[in-house]
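A.B. asks: Residue numbers (our numbering): 14 to 145. Cβ coordinates follow ideal geometry from the N, Cα and C atoms, glycine included.
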């Protein structure tokens, strides 16, 4: 591709608190990006759970379902060279973080916690999340 990288943003049809369905949508969009020779595809924050899950972020079943969903996306990406950045929630030392995971070819390359959490108007992220 003449030394250029093709970047894309992908917005999945999110079903709030349904990581399994969201992972299927992410996988389909990741495959589409790969077919179009996209080097890096970026998904929205909290892709697998939905941004508006609110107090459900503290639900252990939702967190476990999200982890299973992420594993399924990792498995589906094994033969895909496109780098994907996917939004997830992450619990570390009983603290909840809004993070982006970077994956490629079935490998988790990195995790980046969100550092600026808005807390105005309709955004109440500080209620649920800790700044990274």
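Taking residue 74 as the reference, give the member of 143, 32, 111 with the closest Cα.
C.D. replies: Of the listed residues, the one whose Cα sits closest to residue 74 is 32.
A.B. asks: Compare the beta carbon distance of residue 82 and residue 98 with 8 angstroms and say whether it is the shorter of the two.
C.D. replies: Contact: no.
A.B. asks: When the distance is taken between beta carbons, is residue 116 closer than 8 angstroms to residue 87?
C.D. replies: Taking 8 angstroms as the Cβ cut-off, residue 87 and residue 116 qualify as a contacting pair.
A.B. asks: What residues in its chain sit with their C-beta under 8 angstroms from that of residue 95, if we drop five residues either side in the sequence?
C.D. replies: Closer than 8 angstroms at Cβ, skipping near neighbours: 43, 46, 47, 51, 52, 53, 54, 117.
A.B. asks: Provide the residue span of the beta strand (DSSP E) that contains residue 35, from first to last.
C.D. replies: Counting along the chain, residue 35 falls outside any beta strand (DSSP E), though it belongs to the alpha helix (DSSP H) covering 32-48.
A.B. asks: Roughly how many angstroms lie between the CA atoms of residue 77 and residue 15, to the nearest whole one?
C.D. replies: Distance between the alpha carbons of residue 77 and residue 15 is about 42 angstroms.
A.B. asks: Is the beta carbon of residue 63 closer than 8 angstroms to that of residue 27?
C.D. replies: Their beta carbons are under 8 angstroms apart, which means residue 27 touches residue 63 by this criterion.
A.B. asks: Taking the alpha-carbon positions, what's the residue 138 to residue 120 distance?
C.D. replies: Distance between the alpha carbons of residue 138 and residue 120 is about 28 angstroms.
A.B. asks: Just the Cα atoms here: how many angstroms apart are residue 57 and residue 132?
C.D. replies: Rounded to whole angstroms, residue 57 to residue 132 spans 18 angstroms at the Cα level.
A.B. asks: Taking C-beta to C-beta, are residue 92 and residue 60 nearer than 8 angstroms?
C.D. replies: No, the pair does not count as a contact, with Cβ atoms beyond the cut-off.
A.B. asks: Label residue 111 either buried or exposed according to how many other C-beta atoms from any shown protein chain fall within 10 Å of its C-beta, with 16 as the threshold for buried.
C.D. replies: By the 10 Å Cβ count, residue 111 comes out buried.
A.B. asks: Are any of the Cβ atoms in chain B nearer than 8 angstroms to that of residue 125?
C.D. replies: No chain B appears in this structure, which consists of one protein chain only.
A.B. asks: Which one of 21, 90, 129 has the shortest CA to CA distance from residue 122?
C.D. replies: Of the listed residues, the one whose Cα sits closest to residue 122 is 90.
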